[in-house]
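K.L.:
Residue numbers (the working numbering): 423 to 577.
Beta carbons are placed, not taken as given, at the ideal position from N, Cα and C, and that holds for glycine.
After the structure tokens below, expect a handful of questions from me.
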Amino acid sequence: MKKFLLFVFAPLVLLTSCSKDKFDAEKQAAADDAAIKAYIGTDAAYHATADGSGVYYKIVTQGTGANPAITSTVKVTYTGKLLDGTSFDSGTITKPLSGLIAGWKSGLPYIKTGGRIILVIPSREGYGNVAQNGIPKNSVLVFTIDLLSFTDTAN
Numbered sequence: 423m424k425k426f427l428l429f430v431f432a433p434l435v436l437l438t439s440c441s442k443d444k445f446d447a448e449k450q451a452a453a454d455d456a457a458i459k460a461y462i463g464t465d466a467a468y469h470a471t472a473d474g475s476g477v478y479y480k481i482v483t484q485g486t487g488a489n490p491a492i493t494s495t496v497k498v499t500y501t502g503k504l505l506d507g508t509s510f511d512s513g514t515i516t517k518p519l520s521g522l523i524a525g526w527k528s529g530l531p532y533i534k535t536g537g538r539i540i541l542v543i544p545s546r547e548g549y550g551n552v553a554q555n556g557i558p559k560n561s562v563l564v565f566t567i568d569l570l571s572f573t574d575t576a577n
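What follows is the structure, given as structure tokens:
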């Protein structure tokens, strides 16, 4: 009888525990947007603009020349922080824009060489529901990015 009960109740326990961890993308998107608006709202001079993807951006310096495209390879310096100010990464990289996180893909084309932009990126446009190298899952990311140069890699 005990074995029978184990076979009946074990799957129920597993199903119940799994439902608690179910990810709700819409709920997370709403939470991210509220957190971003609260973050931006703390600085009246911030004047960030929302693009269609949910990324908020502030152009600090426009730069000169042409804008990079998704087919460009970009060279940037950057700092990445969480909304609470915790720094998680910084450096200089040269990579195809198409190979970067979605928030960078949508944000970097707003500036030109020599430009600086601040991107406030909802989790779905960053690393999503997956923890990444010291970045908790579902984190809103704040990047300050300087576009040093870019080359068009389209054929």
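Is Pro531 helix, strand or coil when you go by DSSP?
P.N.:
Residue state, collapsed to three classes: helix.
K.L.:
Whole angstroms are fine: how far does the CA of Ile539 sit from the CA of Ala488?
P.N.:
One C-alpha to the other measures close to 15 Å.
K.L.:
Return the CA-CA distance between Gly548 and Thr535, expressed in angstroms with no decimal places.
P.N.:
Roughly 23 Å separates the two Cα atoms.
K.L.:
Determine the extent of the alpha helix (DSSP H) in which Asp455 is found, giving its start and end residues.
P.N.:
Asp455 -> alpha helix (DSSP H) spans Ala447 to Gly463.
K.L.:
Considering only the beta carbon of each residue, do Val542 and Ile462 sit closer than 8 Å?
P.N.:
For Val542 and Ile462, yes; Cβs fall inside 8 Å.
K.L.:
CB Leu522 to CB Val562, shorter than 8 Å?
P.N.:
No.
K.L.:
Helix, strand or coil for Leu569, going by three-state DSSP, please let me know.
P.N.:
Leu569: strand per DSSP, three-state reduction.
K.L.:
Suppose the cutoff is 6 Å on Cβ atoms and the five residues either side in sequence are ignored; what does the same chain contact list for Thr573 look like?
P.N.:
Thr495.
K.L.:
Is Leu505 helix, strand or coil when you go by DSSP?
P.N.:
Reduced to three states, the DSSP call for Leu505 is coil.
K.L.:
Whole angstroms are fine: how far does the CA of Ile515 sit from the CA of Ala470?
P.N.:
Approximately 25 Å, taken between the alpha carbons.
K.L.:
Note the first and the last residue of the continuous beta strand (DSSP E) segment covering Leu522.
P.N.:
Taken as a continuous stretch (DSSP letters only), Leu522 belongs to no beta strand (DSSP E), as it is neither H nor E.
K.L.:
Leaving aside the five residues before and after Ala457 along the sequence, list all residues of the same chain whose C-beta is less than 8 Å from its C-beta, in chain order.
P.N.:
Closer than 8 Å at the Cβ level, and outside the excluded window around Ala457, lie Leu505 and Val562.
K.L.:
Are the beta-carbon atoms of Tyr479 and Gly537 separated by less than 8 Å?
P.N.:
Going by C-beta atoms, Tyr479 is not nearer than 8 Å to Gly537.
K.L.:
Would you list, in sequence order, the uninterrupted beta strand (DSSP E) runs of no fewer than 3 residues that lie entirely inside the segment 467-506?
P.N.:
List check, beta strand (DSSP E) in window: 478-483 and 494-504.
K.L.:
Specify, as a first and last residue, the run of the beta strand (DSSP E) that Val542 falls within.
P.N.:
Taken as a continuous stretch (DSSP letters only), the beta strand (DSSP E) holding Val542 covers Arg538 to Ile543.
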